[in-house]
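Take a look at the structure below.
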Amino acid sequence: MAETTKKDYRPRYHATVESGWSNDPNGLIYFDGKAHLFFQHYPYKPEWGQMHWGHVCTEDFVKWEHLPLTLAPDEEYEVENGCCSGSTIVKDGQMVLMYTAAQMERQRQCLAFSEDGIHFKKEPSNPILTAEMLHEEVSTADFRDPKILEHNGIYYALCGVRIKDPKATVEKGGYGNMILMHSADLYHWEYNGRLIWPQEELDDAFFHLDGVYECPDYFESNGTEIVISSPQDLPQIGHEYQNIHSMLYMEGKLDFETGHFHIHSIHELDGGFDIYAAQLLRMPDGRKIMIAWKEMWDRSFPTRPDGWAGTYTLPRELSFHDERLYQTPVVEIERYRQNRVEASDIALQDEEKAIDGFEGDCAEIFVSFEPGDAKRLGVKVFVGEEHETALYYDVQQRAVVFDRTKGGIPIEGREDDLNTRTTDIDPEERLRFRIFLDISSIELFINDGRYTMTGNVYPDVGDIGIRFFAEGGTAKIVEAVKYDIVV
Ligand code: FRU
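Okay, so the sequence shown: first residue is 16 according to my numbering, each after it adds one.
Here's what the structure looks like:
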């Protein structure tokens, strides 16, 4: 009896932690023919605890192999909060990993080395990047998540920090920022400076953050420089940053001397619910692929009773053009498509419609609409007797709404609204949704990935319906295609 069977919420084609807890992706790297995803991990309970590094790898971004623990907090300098986030590079054929040794009042950066990319040895002289090398403006209690970059033969570490400000009224006496440091050999580091400074044309909230810009990363795409990062406690601005903690990208120009990033624009990276701490993976073929933690802090985790908590987004290729950072699921996923069904030219007149063959909870759906005079038009997924999740365009607001109010197990957390997220979009003649469903996961790519919305829902076993709808008028489905993703 479907109703009484409890659903196993583990996604099938997304990376997940096997058991216990996981958060940030760490040290994403292509090494020895495989893409490696390390991650923040507490192996003993599905809750954040003293941090370890876990490890999975893949040849195709769909099937993930679980590997032994990478780091455990067994040194005196890291025993309180453990081995926090960081990154990896390859140097002289070895994998070099830099992570934050986190104590309550002191965060310092450490190195570990590996010949095979699986077994790591910590550097005996750890911690190597310490308070003495920092400028006194940086709070040593919030100095973490080093991302190592190589530029013109020099190593740079881009880190999330709090800059002290005795005048600050916020609780911790300072504001979130990022800093750049450099080194010729990974052992001796010098301070360049802080990345962001107030700019009049940008909202002041970005420069007076009562948290840290966690997990920063930097890359270029089509000649445009981008910094991505995860600001804690950024207040909502318009429809953006509705989550307590958000992810954003800044497009601008980095001065590698001063560390200053002159910002041209800032956007939320994903307008959904469950996404944080993204990092970049550079592939040998030139692709820049982003993977994020597909969860959120300060929320309930319905998978906890099953002994695990922590999923990751589909790896998404990033490309900056037409003034936005576009996200596209890696092409490798397309090899797992099966059972294609399609439909075209379907008129919707203030109604909800099922289309033959469109159902499933492990699937890819593509649909393009012509809006007509409807007020709302879109798709409902994970539809069952009691549940549904709606993804729709609200014509008047010119925005896409992800509504999980009736999605399944209710989520608890700190935000007032845990169930709807709204993303403003530039309307186009045709609205295009590409949706990936994976058991308890929804990733929506709007208009070729110009905007994305990501969120988890916890429906019942039989909730596999897919419906198309228009409210308050007409709309036309120009084309709809569905594949099962079979792993
Ligand atoms: C971001 C973060 C990092 C930190 C890690 C600890 O989610 O808070 O700043 O290194 O998680 O697990």
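Positions of the beta carbon are idealized from the N, C-alpha and C atoms, including for glycine.
Spell out a yes or no on whether the stretch 351-370 and the stretch 406-416 are touching, meaning 3 or more CB-CB pairs, one atom from each, closer than 8 Å. no
Completely contained beta strand (DSSP E) runs for the stretch 44-119, where each covers 3 or more residues: 49-57, 67-73, 79-86, 97-106 and 109-117
Have a look at the DSSP bridge pairing and note the partners of V415. For the purposes of this step, residue 415 is taken as residue 400 along the sequence shown, with counting starting at 1. DSSP, once it has assigned bridges, lists Y408 and T438 as partnering V415.
In the DSSP assignment, find the beta strand (DSSP E) that holds N354 and state where it starts and stops. As a position in the sequence shown, residue 354 is number 339, starting the count at 1. Segment R352 to E374, the beta strand (DSSP E) holding N354.
Reference V77, options E93, G64, Y28 and W36, closest by Cα: By one-based count along the sequence shown, residue 77 stands at place 62. Of the candidates E93, G64, Y28 and W36, the one whose C-alpha sits nearest the C-alpha of V77 is Y28.
By Cβ distance below 7 Å, which residues in the same chain neighbour D39 in space, the five residues on each side in sequence not counted? Position 24 of the sequence shown, counted from the start, is the residue given in the question as residue 39. The residues are F54, Q55, S100, C230, A292 and W308.
7 Å Cβ cutoff met for L249 and W204: For the purposes of this step, residue 249 is taken as residue 234 along the sequence shown, with counting starting at 1. For the purposes of this step, residue 204 is taken as residue 189 along the sequence shown, with counting starting at 1. The answer is no: Cβ separation not under 7 Å.
Would F397 pass as a contact of P474 if the rule is Cβ separation under 7 Å? Indexing the sequence shown from 1 puts residue 397 at position 382. Indexing the sequence shown from 1 puts residue 474 at position 459. Against a cut-off of 7 Å, the Cβ pair of P474 and F397 comes out as a contact.
Compute the distance between the beta-carbons of R436 and G287, then report whether it is under 7 Å. Along the sequence shown, read from residue 1 onward, the residue named residue 436 stands at position 421. Along the sequence shown, read from residue 1 onward, the residue named residue 287 stands at position 272. Yes.
Give the secondary structure of F221 by DSSP, where H, G and I count as helix, E and B as strand, and everything else as coil. Working through the sequence shown from its first residue, we reach residue 221 at position 206. Helix at F221.
Entirely within the stretch 420-501 and at least 3 residues each: give me those beta strand (DSSP E) ranges in chain order. 435-439, 446-453, 456-461, 466-471 and 480-500
Assign T438 to one of two classes, buried (16 or more other C-beta atoms within 10 Å of its C-beta) or exposed (fewer than that). To locate residue 438, count along the sequence shown from 1; it is residue 423. Per the 10 Å Cβ criterion, buried.
Can you tell me which of the three DSSP states A17 falls into? Sequence index remark: in the sequence shown, residue 17 carries index 2 (1-based). Model confidence at A17 stands at a pLDDT of 46, short of 50, so the residue's coordinates are unreliable; what they give is reported in the following sentence. Correct three-state label for A17: helix.
Spatial neighbours of P26 within its chain, please: C-beta separation below 7 Å, excluding the five flanking residues on both sides. Working through the sequence shown from its first residue, we reach residue 26 at position 11. Same-chain partners within the cutoff: T326, D453, I454, S455 and S456.
Thinking C-alpha only, which one of G375, T420 and R465 is nearest G477? Counted from its first residue, the sequence shown places residue 477 at position 462. Ranking G375, T420 and R465 by Cα distance to G477 puts G375 first.
Which residue spans inside the stretch 296-350 form an unbroken beta strand (DSSP E) run of at least 3? 303-308, 331-336 and 339-344
Backbone CA spacing between T425 and Y202 [nearest angstrom]: The residue labelled residue 425 in the question sits at position 410 within the sequence shown. The residue labelled residue 202 in the question sits at position 187 within the sequence shown. The residue asked about is misnamed: residue 425 is Pro in this sequence, not Thr. P425 and Y202: Cα-Cα distance of roughly 48 Å.
Cutoff 8 Å; reference K60; Cβ partners in own chain excluding five residues on either side: The residue you call residue 60 lines up with position 45 of the sequence shown. These residues qualify, in order along the chain: G35 and W36.
Between H279, G208 and E444, which lies nearest to I242 when the distance is taken from Cα to Cα? Here residue 242 refers to the residue found at position 227 of the sequence shown. The question names Ile, but residue 242 in the sequence shown is Val. Of H279, G208 and E444, the residue nearest in Cα terms is H279.
Backbone CA spacing between Y57 and W63 [nearest angstrom]: Along the sequence shown, read from residue 1 onward, the residue named residue 57 stands at position 42. Along the sequence shown, read from residue 1 onward, the residue named residue 63 stands at position 48. Between Y57 and W63, the C-alpha separation is close to 6 Å.
Does the separation of the CB atoms of K137 and A127 fall below 7 Å? One-based indexing of the sequence shown puts residue 137 at position 122. One-based indexing of the sequence shown puts residue 127 at position 112. A contact, by the Cβ cut-off of 7 Å.
Is it right to say N167 is buried, meaning 16 or more other beta carbons lie within 10 angstroms of its own, or is it exposed? For the purposes of this step, residue 167 is identified with residue 152 of the sequence shown, where counting begins at 1. With fewer than 16 other Cβ atoms within 10 Å, it is exposed.
Going straight from the alpha carbon of E379 to that of R339, what length do you get? The residue given as residue 379 occupies position 364 in the sequence shown. The residue given as residue 339 occupies position 324 in the sequence shown. Answer to the nearest angstrom: the Cα atoms are 24 Å apart.
Just grab the DSSP bridge partners of G175 for me. Position 160 of the sequence shown, counted from the start, is the residue given in the question as residue 175. DSSP lists R159 and M193 as partners of G175.
With a threshold of 6 Å, establish whether the CB of R159 neighbours any heavy atom of ligand 1. Residue 159 sits at position 144 when you count from the first residue of the sequence shown. R159 Cβ: within cutoff of ligand 1.
Rounded to the nearest angstrom, what separates N237 and G399 at their Cα positions? Counting from one through the sequence shown, the residue named residue 237 turns up at place 222. Counting from one through the sequence shown, the residue named residue 399 turns up at place 384. Approximately 44 Å, taken between the alpha carbons.
Would you mind stating whether E8 and K491 have Cβ atoms separated by less than 7 Å? Look at the range of the chain in this structure, 16 to 502, and you will see that residue 8 is not part of it.
Residues that N207 bridges to, as DSSP identifies them: In the sequence shown, the residue the question calls residue 207 occupies position 192. According to DSSP, which records beta bridges pairwise, N207 is partnered with nothing at all.
Taking just the CA atoms, how far does I290 sit from D200? Start at 1 with the first residue of the sequence shown, and residue 200 comes out as number 185. Start at 1 with the first residue of the sequence shown, and residue 290 comes out as number 275. Approximately 34 Å, taken between the alpha carbons.
CB contact flag (I108, Q65, <7 Å): Position 93 of the sequence shown, counted from the first residue, corresponds to residue 108. Position 50 of the sequence shown, counted from the first residue, corresponds to residue 65. A small correction: the amino acid at residue 108 is Gly; Ile does not occupy that position in the sequence shown. Cβ distance not < 7 Å, so G108 and Q65 don't count as in contact.
Could you tell me whether any non-hydrogen atom of ligand 1 is closer than 6 Å to the CB of Q364? Working through the sequence shown from its first residue, we reach residue 364 at position 349. False, no ligand heavy atom lies under 6 Å from that Cβ.
Heavy atom of ligand 1 less than 6 Å from the Cβ of D39, yes or no? Translated into positions along the sequence shown, residue 39 becomes position 24. Yes, ligand 1 has a heavy atom inside 6 Å of this Cβ.
Go ahead and label E93 buried or exposed: buried means 16 or more other beta carbons lie within 10 angstroms of its beta carbon, across all protein chains shown. Position 78 of the sequence shown, counted from the first residue, corresponds to residue 93. Buried.
In whole angstroms, give me the CA-to-CA distance for V501 and V493. Start at 1 with the first residue of the sequence shown, and residue 501 comes out as number 486. Start at 1 with the first residue of the sequence shown, and residue 493 comes out as number 478. Between V501 and V493, the C-alpha separation is close to 26 Å.
Specify the secondary structure class of H29 as computed by DSSP and reduced to three states. Position 14 of the sequence shown, counted from the first residue, corresponds to residue 29. Here H29 sits in coil by DSSP.
Proximity test, Q251 beta-carbon vs ligand 2 heavy atom, cut-off 6 Å: Here the bound small molecules are ligand 1; ligand 2 is not part of this structure.
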